[in-house]
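Shown next, in structure tokens, is the structure this report addresses.
In the numbering used here, the protein residues as written are 8 to 278.
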């Protein structure tokens, strides 16, 4: 494959895959799985009960609330009610070991690391107590690898945990287009969690923001980050008080490539 690519000048040659490119094969073979996984391979998909993380993630949910949101009532948004996160009780945590999803995430991460010098650092409330809440977990801050909330239904959370985020289900009419939306404020994500038997559901996601486009206006109908003066971006960052013409109430972190988001935990919450 290498000889054919070199001799033809790269013309009419199929894209590299782990099957036809030794360099990519080596990259895939050297995938580093989280050390706390029970199975270190890219073939399995298991949901593991994790009571150890219940108190830690409860602390994360309660502390990651927008200061301006009322302590008892939370905050309201056009999508629903984010009430009660400062007193939320986490009742159950599932840790997701999805080998195929992790492999895709890992490869995307390696590619992003090559452009590390181009990424402007992003902050997130969820990362304030990162080392305490997520012991033995590493996040690459140079490429803006963040742990963020994604509020959804239980059925959707299980589907995402199995197959990842599906771009075909993203809404083009969304404020920042057809992307995967995550937040660092739990009160924001709570707006997207309908109550079922008194329980709501979050996914705690690893998100590769990389070089984020700092949007000052809404980006409906977008399927990828905009370009600016020839600069290519990996994601969109909607900043509180700046984006949406200054009307953005909460930070939002939007990605359009499903390989940039790995679902790490499913968290069951009672308000």
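C-beta atoms are modelled at their ideal positions from N, C-alpha and C, and glycine is treated no differently.
| query | result |
| --- | --- |
| Nearest-angstrom Cβ-Cβ length linking residue 184 and residue 227, presumed shorter than 8 Å | 6 Å |
| According to DSSP, residues forming a beta bridge with residue 157 | 210 |
| Where the beta strand (DSSP E) through residue 128 begins and ends | Counting along the chain, residue 128 falls outside any beta strand (DSSP E), and DSSP gives it neither H nor E. |
| Residues of its chain near residue 223, where Cβ-Cβ distance is below 7 Å and the 5 sequence neighbours each way are ignored | 249 and 250 |
| Residue interval of the beta strand (DSSP E) (run including residue 280) | One cannot answer for residue 280 here, as it falls past the ends of the chain, which runs 8 to 278. |
| Local conformation of residue 280 per DSSP, three classes | In this structure the chain extends from 8 to 278, so residue 280 is not present and cannot be described. |
| Beta-carbon gap between residue 182 and residue 150 smaller than 9 Å | no |
| Classification of residue 156 by the beta-carbon crowding that lies within 10 angstroms, buried from 16 upward | buried |
| Simplified DSSP assignment, three categories, for residue 105 | strand |
| Pairwise C-alpha distance: residue 128 and residue 65 | 27 Å |
| Close beta carbons around residue 272, own chain, < 6 Å, minus the five adjacent residues each side | 100, 102 and 211 |
| Among 207, 242 and 191, nearest to residue 125 - alpha-carbon criterion | 242 |
| Whole-angstrom distance between residue 237 and residue 122, CA atom to CA atom | 15 Å |
| Residue of 154, 69, 144 and 43 minimising C-alpha distance to residue 5 | Since the first and last residues shown for the chain are 8 and 278, residue 5 lies out of range. |
| Cβ-based burial, residue 108 [other Cβ within 10 Å; buried from 16] | buried |
| Same chain, Cβ closer than 8 Å to residue 98, neighbours up to 5 away in sequence not counted | 61, 206, 275, 276 and 277 |
| Residues sharing a beta bridge with residue 270, DSSP | 212 |
| Residue span of the beta strand (DSSP E) that contains residue 54, given as start and end | 52 to 56 |
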